[in-house]
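2 protein chains.
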Amino acid sequence: MNLQQSFYAQAPRHLVAVDCIIFGFEDSRLKLLIMQRMVDPFQGSFSLVGGFVLESESTADAATRVLQQVSGLRNIFMDQLHCYSDVNRDSGSRVISLAYYALIRVEEHDRKLAIQHGTQWLALDEIPELIFDHRKMIEDALFRLRDKAHFHPIGFELLPEKFTLSQLRSLYEEIYQRVLDKRNFRKKILAMNILEKLEEKDKTTSKKGAHLYRFDKQKYEQLAQKGFVFEI
Amino acid sequence: MNLQQSFYAQAPRHLVAVDCIIFGFEDSRLKLLIMQRMVDPFQGSFSLVGGFVLESESTADAATRVLQQVSGLRNIFMDQLHCYSDVNRDSGSRVISLAYYALIRVEEHDRKLAIQHGTQWLALDEIPELIFDHRKMIEDALFRLRDKAHFHPIGFELLPEKFTLSQLRSLYEEIYQRVLDKRNFRKKILAMNILEKLEEKDKTTSKKGAHLYRFDKQKYEQLAQKGFVFEI
DNA sequence: GCAAAAGTGTTCCAGATACACCCATGG
DNA sequence: CCATGGGTGTATCTGGAACACTTTTGC
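So the protein lines, in turn, are chains X and B.
Read in order, the letters of the first sequence correspond to residues 1 to 232 in my numbering.
Read in order, the letters of the second sequence correspond to residues 233 to 464 in my numbering.
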C-alpha cells in the first residue's frame, strides 16, 4: 500500500478541461455556438464554450454539464473528438483539453441563456479569430462530423422533429459542402425505410407545400441490429 | 492577472496517464503487446503498457516515450484512440487515461526489452483478464484499427519492409476477421499502383516462391494528393 | 510425380450517377 | 396566369463479388 501510494503520489497533476464544438443548423446553414467572453481572463476574445473537469465527474460528464449550462438542453448528441495537450496550447497555464462535438436543434436553444453566456450562432464563414487551438478543434470537428454523418443517422439531431426532404438534403449539402442530386437523394433516403411520412405539409417555403417527415429511430435501430448500415 | 491566476488556481488537478494498445503481426496472427507487472502495485496482473503524462510533455509525447521504452523503437505509427475518464476506472486513484494504439513490426522489436519489461506478444484469443478498463480499450482499438485500415494504408506498418501478397492478404483477413478472395485482392491492391514488385522471391512458404513487394509510400502520397483514396 | 502454395480472367449484379419535365398553389 | 419550389423515372456506368484451373518446384 505504501508502494501503491507513492506510485500515484509521485506523478504530476494536470488541469483538465473540456471544450465543446456545438453544431446547429439554421437558415440552411451549418452554424457553431461561439462564446465571446465578457469577463477576464481573455475578456472580449472569442472561444468555444468549455470548463474544467471536476474531481467527481468524467470528461463526458463535464461536457454534458457545460452543454446544459449554456444551452439549457439535456440529452444532446455528443461525441468525444480528440484530446489536445500541447504543453503551451493555453497561454494562461498548462491545460489538457478534451474536445467534444455536439449537435443541437437551434430552435430548441434557450435564447436567454445565450445572451446570459455571451454566446451566438455563427456560420462557418463568420467565425472570428478564436483563442488557443480552438480553430483547429473546429476544423477537426468538421472532418469528424462529415465522417460520422456518412454512415450514421446523426443529421436528424440538427433538424426539428418534423422536417421536409428538402431541408434534409440541404443539411447534407452543407455538411459535405457539395450539391446532391434531388431525385437520387430522395430515392436513397426513402428506400432506407427509416422515415415516417406525415400528413402535414410545410408551406413556409413553397406554395405547393412539402410533406413533412419524421425520423423513425426505433425502426432504424431494428434495421441496424439486422445489419443495415445507414449511408448518405 | 489576479483574476487569471485564480481562474486556473481554483480548478482541480488530475493524474493523467497514457495506455498503449500495441498491435503486431506474427505467424499470420494479429497480436498485442501485453505486460505482466513484476512489481507492486498490481504485481502479477496483466495490463497494457502505460505511464503518467509529465508536466513537460503532451499526451502524444508521453505515449511515444512509453512506446520507445518498451519496444526500443522510434517512428512508430501511433494514433490517439480515446480518453477514458470514469471516476472509478482505476481502483488505485482517480486517473484520466488517454489510450493510443500503435502498429509495430514484431521482428524489429527488441526481445531483451520485452523480457526486461515483462511484456509478451499475445494473439487476441490468448489475452488474459486485464486490469481496469484495459479490455474495453482493446475492443475499441480493434474497431478503430478496422476502420482506419479500411481507408488508409496502415497495414504496411505491421509487415516487414518486403512482403508477399499472401502475407498482406492474410494480414487483412486477420484485421477484418473474414476471408478475402485471392484474385480480387490481388487485382485491387495491384491496380492501386502503390506497390513496388521486387525481383526477389520468398521461398519460405512454398516451393514455387512468392514475389516480394514493397509499399511505395512516396507514390502513395503523390496519388493521395491528387485525390486517390486507398481502400481495401 | 505429387503436394502445396503462387498466380491468373471473366461474368454477373447491384448500386451510383446523370439527367428533364410536370405538379400544385399563393400571389 | 405565372413564378416557385415539390415531386417523379429511366438509362447507363462502374465497381464489387463470385468463381476454377494452371504453374512452379522441392521433396
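Ideal placement from N, C-alpha and C gives every residue a C-beta, glycine not left out.
### Query
Where does Met1/X sit, in a helix, a strand or coil, going by DSSP?
Note on Met1/X: pLDDT 47, under 50, position unreliable in the model; no value is reported.
### Given Gly92/X as reference, the closest of Asp133/X, Phe230/X, Arg144/X and Lys182/X once Cα atoms are compared
Out of Asp133/X, Phe230/X, Arg144/X and Lys182/X, Asp133/X has the C-alpha closest to the C-alpha of Gly92/X.
### Host alpha helix (DSSP H) of Arg401/B (start-end)
Run containing Arg401/B: Leu397 to Tyr408, per the alpha helix (DSSP H) assignment.
#### Entry: Arg37/X versus Tyr220/X, Arg183/X and Gln116/X, residue with shortest Cα-Cα distance
When each option's Cα is compared against that of Arg37/X, the closest is Gln116/X.
### Task
Could you tell me if Ala478/B is buried or exposed, where buried requires 16 or more neighbouring beta carbons within 10 angstroms of its beta carbon?
Nothing can be reported for residue 478/B: it is not among the residues displayed for chain B, which extend from 233 to 464.
### Query
Could you check where the alpha helix (DSSP H) with Leu299/B kicks off and where it finishes?
Bounds of the alpha helix (DSSP H) holding Leu299/B are Thr291 to Ser303.
### Query
Per DSSP, what kind of secondary structure is Leu223/X in: helix, strand or coil?
DSSP places Leu223/X in helix when its eight states are reduced to three.
### Message
Measuring alpha carbon to alpha carbon, tell me which residue in Arg261/B, Ala249/B and Tyr240/B is nearest Ile407/B.
### Response
Comparing Cα positions, the closest option is Arg261/B.
### Task
Would you kindly work out how many angstroms separate the C-alpha atoms of Ala442/B and Lys197/X, rounded to a whole number?
Those two C-alpha atoms are separated by around 58 Å.
### Query
Within this structure, are the beta carbons of Leu158/X and Arg105/X separated by less than 8 Å?
With respect to Arg105/X, Leu158/X sits close: the two C-beta atoms are nearer than 8 Å.
### Message
Would Ile386/B and Phe309/B qualify as a contact pair, given that the criterion is a beta-carbon distance under 8 Å?
### Response
Closer than 8 Å, so yes.
### Query
Using a C-beta cutoff of 8 Å, does Phe7/X count as contacting chain B?
Judged by the 8 Å Cβ criterion, Phe7/X is in contact with chain B.
### Task
Go ahead and pull the three-state DSSP assignment for Phe228/X.
For Phe228/X, the secondary structure class from DSSP, reduced to helix, strand or coil, is coil.
### Message
Please confirm whether Pro12/X has its beta-carbon closer than 8 Å to some beta-carbon of chain B.
### Response
Interface flag for Pro12/X against chain B is set, since a Cβ pair is found closer than 8 Å.
### Message
Counting beta carbon pairs with one atom in the region 10–25 of chain X and one in the region 48–61 of chain X, are three or more of them shorter than 8 Å?
### Response
Cβ pair count under 8 Å is three or more, so yes.
### Within-8 Å CB hit, Asp19/X to chain B
False, the Cβ-Cβ gap to chain B never drops below 8 Å.
#### Entry: Inter-residue Cα distance where the pair is Leu130/X and Gly118/X
Spanning the two alpha carbons is a distance of roughly 14 Å.
### Query
In chain B, which residues lie with their C-beta within 7 Å of the C-beta of Asp79/X?
By Cβ distance, chain B contributes nothing, its closest Cβ being about 10 Å from Asp79/X, past 7 Å.
### Task
Take Ile421/B as the anchor and find which of Arg245/B, His382/B, Ser317/B and Phe257/B has the nearest alpha-carbon.
For Ile421/B, the closest C-alpha among the options Arg245/B, His382/B, Ser317/B and Phe257/B is that of His382/B.
### Task
Have a look at Gln300/B and Arg306/B and give me their C-alpha separation to the nearest angstrom.
Answer to the nearest angstrom: the Cα atoms are 6 Å apart.
### Query
Taking the C-alpha atoms as reference points, what is the distance between Gly256/B and Asn193/X?
Answer to the nearest angstrom: the Cα atoms are 42 Å apart.
### Query
Alpha carbon to alpha carbon, how far is Phe278/B from Lys136/X?
Computed Cα separation, rounded: 37 Å.
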